[in-house]
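I have placed the structure first, in the form of structure tokens, so that the comments after it can refer back to it.
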């Protein structure tokens, strides 16, 4: 018989959930920064940059995140470099997130009417001025809902990092289950915590999409 109470189980899971939240935030922000850089390469005039980004996106979208985590964790080990689980998890999730955010944002930029490019060009604006003052402000309105929605996938993706030993919510669930022999209670709490993390993000995405669509129609 174990000495764990229901509160002990929940408390341990909540403590682990902090790392899930932290990893999600780091991965999303880092992926956003890398994704923004890749976006400018993708929509830029450099043919080499466009090819590189297309190849990058195809690689990271076309392979399982689990495999990417393994490569980040064990790959550098082949060269004698000891990579902490948290660092490997963050790097893999940042690069994975960047690939998806790049494509989301590229679609939003391409959704801006071609006439906007032509109108700004007729005003004598250069490429950077067009992007800064005309294209990106309009693309941003379109990009907000799917970007917020993708953050849900980032939170869920952190669960896979348990496979390389990073102790986040799902890994803690396994550890607590092994200690308490109460899998139904433990994983019930795990599911509830994930729901509490993901549902507000999902709902926010839906609300933003409705509001921005209404604003766009009124405009």
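Residue numbers (the numbering used here): 182 to 400.
Glycine included, each C-beta is placed from N, C-alpha and C at the ideal position.
Could you check the C-alpha separation between residue 295 and residue 306 for me, to the nearest Å?
-> Here residue 295 is taken as the residue at index 114 of the chain shown, counted from 1. Here residue 306 is taken as the residue at index 125 of the chain shown, counted from 1. Answer to the nearest angstrom: the Cα atoms are 15 Å apart.
Give the range of the alpha helix (DSSP H) segment to which residue 300 is assigned. Position 119 of the chain shown holds residue 300. First-last of the alpha helix (DSSP H) with residue 300: 295-303.
Quick check: what's the CA-CA separation for residue 135 versus residue 286? In the structure displayed, the chain extends from 182 to 400; residue 135 sits before or after that span and is not available.
Self-check item: Three-state class that DSSP yields for residue 186 in the structure shown
Solution: Residue mapping note: residue 186 aligns to position 5 of the chain shown, counting from 1. Of the three classes helix, strand and coil, the one that applies to residue 186 here is coil, per DSSP.
Worksheet item: Rounded to the nearest angstrom, how far is the Cβ of residue 348 from that of residue 200, given a contact under 8 Å?
Response: As a working note, residue 348 is residue 167 in the chain shown. As a working note, residue 200 is residue 19 in the chain shown. Contact between residue 348 and residue 200 holds, since their C-beta atoms are separated by about 7 Å, short of 8 Å.
*Taking just the CA atoms, how far does residue 282 sit from residue 356?*
To locate residue 356, count along the chain shown from 1; it is residue 175. To locate residue 282, count along the chain shown from 1; it is residue 101. Approximately 33 Å, taken between the alpha carbons.
Notebook entry, point to check: Whole alpha helix (DSSP H) runs in the segment 257-297 with 4 or more residues, listed along the chain?
Noted result: 266-292
Kindly indicate which three-state DSSP category residue 239 falls into: helix, strand or coil?
Numbered from 1 along the chain shown, position 58 holds the residue referred to as residue 239. Residue 239 falls in the helix class under three-state DSSP.
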